[in-house]
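Counted from 1, the sequence shown has number 482 at position 169 by our numbering; the numbering is strictly sequential.
Quick reminder that beta carbons are idealized off the backbone N, C-alpha and C, glycines included.
What you are looking at is a predicted structure, and each value in this text was computed from that prediction instead of being measured.
To keep things clear, I will list the structure first and then write my remarks on it.
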Amino acid sequence: MFRDHLKLRLSGAAFAIALLIVSGQQPITAQASLPTIVVLATGGTIAGAASTNVQAGYTSGQVGVDQLIAAVPEAKKLANLRGEQISNIGSQDMNDEVWLKLAGRINAIVAMPEVTGVVITHGTDTIEETAYFLNLVVKSRKPVVLTAAMRPATALSADGPLNFYNAVAVAADKQAVGRGVLVVVNDWIHGAASLTKTSTTAVQTFLSPQSGLIGTVAYGKTEFYRGPIGKHTADSEFSLTGVTALPRVDIIMAYENMDGALIDAAVAAGAKGIVIAGVGNGNLTAAAVKALAAQAQKGIVCVRASRVVTGVVGRNVELDDDKLGFVASLDKNPQKSRVLLRLALLKPHTAAEIQRIFDEY
Ligand code: ASP
314 MFRDHLKLRL
324 SGAAFAIALL
334 IVSGQQPITA
344 QASLPTIVVL
354 ATGGTIAGAA
364 STNVQAGYTS
374 GQVGVDQLIA
384 AVPEAKKLAN
394 LRGEQISNIG
404 SQDMNDEVWL
414 KLAGRINAIV
424 AMPEVTGVVI
434 THGTDTIEET
444 AYFLNLVVKS
454 RKPVVLTAAM
464 RPATALSADG
474 PLNFYNAVAV
484 AADKQAVGRG
494 VLVVVNDWIH
504 GAASLTKTST
514 TAVQTFLSPQ
524 SGLIGTVAYG
534 KTEFYRGPIG
544 KHTADSEFSL
554 TGVTALPRVD
564 IIMAYENMDG
574 ALIDAAVAAG
584 AKGIVIAGVG
594 NGNLTAAAVK
604 ALAAQAQKGI
614 VCVRASRVVT
624 GVVGRNVELD
634 DDKLGFVASL
644 DKNPQKSRVL
654 LRLALLKPHT
664 AAEIQRIFDE
674 Y
């Protein structure tokens with residue numbers, strides 16, 4: 314019913330996505346002079362659809378990869394595009410199965426000599442986590458660029474088509490080589506380690522608040538300012554070879570009057586690591602510190618991050634991390650800390666060794 318209604322709405326619209334819908338395999342005729350970019354679609358609002366072009370409600374992951382590519386014919390002038398559908402989900406449902414599949418596909422694709430780079434379409438909710446995960450496990454210096462949209466493909470002033478075009482331009486640009494996994498949204502090029510979502514609804518939602526942008530891209534014209542922060546991709550020590558599951562790490566937010574109940578519950582649920590989204594400089598109540606230190610004593614890796622959007626969480630500032638056995642997240646927000654800790658915990662490490670990892674990545 315919804316889909317029929319959608320088709321009707323779209324059939325009357327001038328929006329390019331509807332006019333250029335294709336089926337089956339890629340319609341693109343390869344041009345030898347152009348770089349080859351592989352587009353991996355995972356879903357999200359960039360592939361979302363609503364029943365009218367002016368409504369807030371919509372469903373993520375309705376448009377397939379071929380339609381996404383066909384909706385931006387200008388991108389075919391930048392590169393030969395090949396599409397693959399990895400998943401078609403809202404990124405609030407992103408999960409380890411998709412992550413492992415995506416990382417495996419990217420590593421296989423970037424090993425192909427004819428491929429210049431990869432573009433991944435994704436939802437905005439968890440793009441910062443997927444980007445950082447890929448930044449740590451993709452073994453290549455070739456550009457890997459994620460993009461997304463805040464407005465569904467059917468909306469007035471949809472932001473997806475230009476974001477996609479710009480992402481292809483960045484992935485095809487030699488200057489993007491060796492800068493780690495990048496995220497291109499709303500004309501800005503972010504590093505995977507630095508960006509975070511800051512608005513639930515604004516088109517200008519992504520910021521790299523602590524360390525700034527890698528560059529900008531305006532209608533495909535790139536300008537790069539600097540490299541990413543932290544070790545990444547080809548220099549990363551993390552590998553997914555033989556990995557079929559990632560260790561459980563939970564994030565617990567600190568708040569007024571916090572006790573240790575959720576900390577203990579996380580460990581009871583199987584967490585091998587805990588990230589605290591602390592108040593201020595990674596702080597938490599004395600009662601919660603006591604519970605966390607008791608878990609650290611038992612070998613659970615406990616990372617202090619912050620619920621505050623900017624600034625770093627320093628080691629041994631208001632809490633004695635050395636004595637309590639904690640790890641300070643430094644410049645990583647809670648969600649990035651969780652990704653890094655999950656990968657670090659693939660091998661046994663002491664808290665001191667995990668702190669070294671947080672220093673380097
Ligand atoms: N919930 C959507 C998602 O992350 C939001 C978006 O893509 O903007 O998939």
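With a cutoff of 7 Å on beta-carbon distance, Ala-606 and Gly-591 are scored as not near each other. If you check the C-beta of Asp-438 against the ligand ASP, you find a heavy atom less than 6 Å away. Just so you know, the alpha carbons of Ala-482 and Leu-415 end up roughly 21 Å apart. Secondary structure at Ala-567: coil, using DSSP grouped into helix, strand and coil. CA-CA distance, Val-652 to Glu-442, rounds to 7 Å. Taking a cut-off of 8 Å on C-beta distances, the region 455-470 touches the region 422-433, as three or more cross pairs fall below it.
Between the alpha carbons of Tyr-445 and Ala-421 lies a distance of about 19 Å. Around the beta carbon of Ala-384, 16 or more other beta carbons lie within 10 angstroms, which makes this residue buried. Inclusion of Gly-357 and Ser-404 in the CB contact set at 7 Å is warranted, their separation being smaller than that value. Counting C-beta pairs with one atom in each stretch, the region 523-534 and the region 497-515 have three or more that are closer than 8 Å, which means they touch. DSSP places Ala-582 in the coil class of the three-state scheme, outside both helix and strand. With a cut-off of 8 Å on Cβ pairs, the region 574-590 is in contact with the region 613-632, counting three or more such pairs.
Assignment of Ile-613 by DSSP, reduced to helix, strand and coil, places it in the coil class. Comparing alpha carbon positions, the residue from Gln-398, Val-498, Leu-659 and Val-630 closest to Val-556 is Leu-659.
Around the beta-carbon of Thr-663, fewer than 16 other beta-carbon atoms lie within 10 Å, marking it exposed.
Counting of Cβ neighbours within 10 angstroms places Val-640 among the buried residues, the total reaching 16 or more.
In this structure, the beta-carbon distance from Ala-343 to Asn-393 falls below 7 Å.
As computed with DSSP, Phe-537 is found in a beta bridge with Gly-528. Secondary structure of Asn-476 (DSSP, three-state): helix.
When secondary structure is reduced to three states using DSSP, Ser-521 falls in the coil class, being assigned neither helix nor strand. Taking the C-beta atoms as reference points, Val-411 is found no nearer than 7 Å to Gly-396. Of all alpha-carbon atoms in Thr-623, Tyr-532 and Asp-438, the one lying nearest the alpha-carbon of Ala-461 is that of Asp-438. Going by DSSP, Ile-382 is part of the alpha helix (DSSP H) stretching over 378-383.
Here DSSP, grouped into helix, strand and coil, assigns Leu-654 to helix. Every alpha helix (DSSP H) stretch that sits fully inside the region 394-460 and reaches 4 residues is listed by chain position as 409-423 and 440-450. For Ala-354, the uninterrupted beta strand (DSSP E) run begins and ends at 349-356, by DSSP.
A straight-line Cα-Cα distance of about 20 Å links Ser-453 and His-435. Inclusion of Gln-488 and Asn-499 in the CB contact set at 7 Å is not warranted, their separation being larger than that value. The straight-line gap separating the alpha-carbon atoms of Ala-581 and Tyr-532 is approximately 51 Å.
The beta carbon of Lys-649 lies closer than 6 Å to those of Tyr-445 in the same chain, with the five residues before and after it left out. Boundaries of the beta strand (DSSP E) around Ile-502: 501-504. The Cβ atoms of Gly-493 and Thr-546 lie closer than 7 Å to each other.
In this structure, the straight-line span from the alpha carbon of Thr-467 to that of Leu-347 is close to 30 Å.
Per the DSSP secondary-structure output, Ala-601 pairs with nothing in a beta bridge. DSSP links Asn-596 through a beta bridge to Val-592.
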